[in-house]
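J.: My questions will all concern the structure given below.
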Amino acid sequence: MKRLKKALARVANACLGVLPPATGGTRPDGHSRHQPGTHAAILSPWRVYRIYARPGRLVLRNDQGRIHDLGVMTGVEPHLAYRLFARGLKGQGFASRTLLLDDIARRIEGGEISDELLALAECTVEPGVDLDRGTHTDVSMKLAR
1 MKRLKKALAR VANACLGVLP PATGGTRPDG HSRHQPGTHA AILSPWRVYR IYARPGRLVL
61 RNDQGRIHDL GVMTGVEPHL AYRLFARGLK GQGFASRTLL LDDIARRIEG GEISDELLAL
121 AECTVEPGVD LDRGTHTDVS MKLAR
């Protein structure tokens, strides 16, 4: 039951993470409408990320929908390897992209990299419109307060 609740919470958080931010309007007198300072999802200590394995690279979509370069993926199945830009973490010997992404997710959820994810550089190359159709995994991480 606990695993089911955790899985449902991850799916719900992932859905919130891919929604576009609300747009604010202006009134005729030039002042903006009153909006609260932060959205409730931003106040949450949980962050949901989606990691994608693209040919030759790993990218990450954060909870605001921005895409960042996470690392590089080398080799061919069944001998895949990766190197993350955060802390230079490496992994090798993966039979599939799914196993590679699961290892990265385990390391993120285990707390090996957390603050580094917030400081990753934004992706300089457009990853493509079919990003969600490729191999990906969702990761949830609780930020320390």
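Following full-length UniProt numbering, the numbering of the sequence shown begins with 1 at its first residue and continues without gaps. All residues carry an ideal CB built from backbone N, CA and C; glycine is no exception.
1) Could you check what DSSP says for D63 in three-state terms: helix, strand or coil?
2) Taking the alpha carbon of residue 182 as the reference point, which residue from A53, E122, D115, E77 has its own alpha carbon closest?
3) Which word fits D130, buried or exposed, when buried means at least 16 other C-beta atoms lie within 10 angstroms of its C-beta?
4) In this structure, how does DSSP classify R87 when only helix, strand and coil are distinguished?
5) With Y108 and V59 assumed to form a contact (beta carbons below 8 Å), what rounded beta-carbon distance in angstroms separates them?
6) Rounded to whole angstroms, what's the CA-CA distance from G75 to I113? Just pull it up for me.
T.: A quick look at the data gives this:
1) coil
2) The structure shown does not extend to residue 182, since the chain is modelled only from 1 through 145, so no value can be given for it.
3) exposed
4) coil
5) In the sequence under discussion, the amino acid at residue 108 is Ile, which differs from the Tyr named in the question. That belief does not hold up - the Cβ atoms of I108 and V59 are roughly 14 Å apart, past 8 Å.
6) 24 Å
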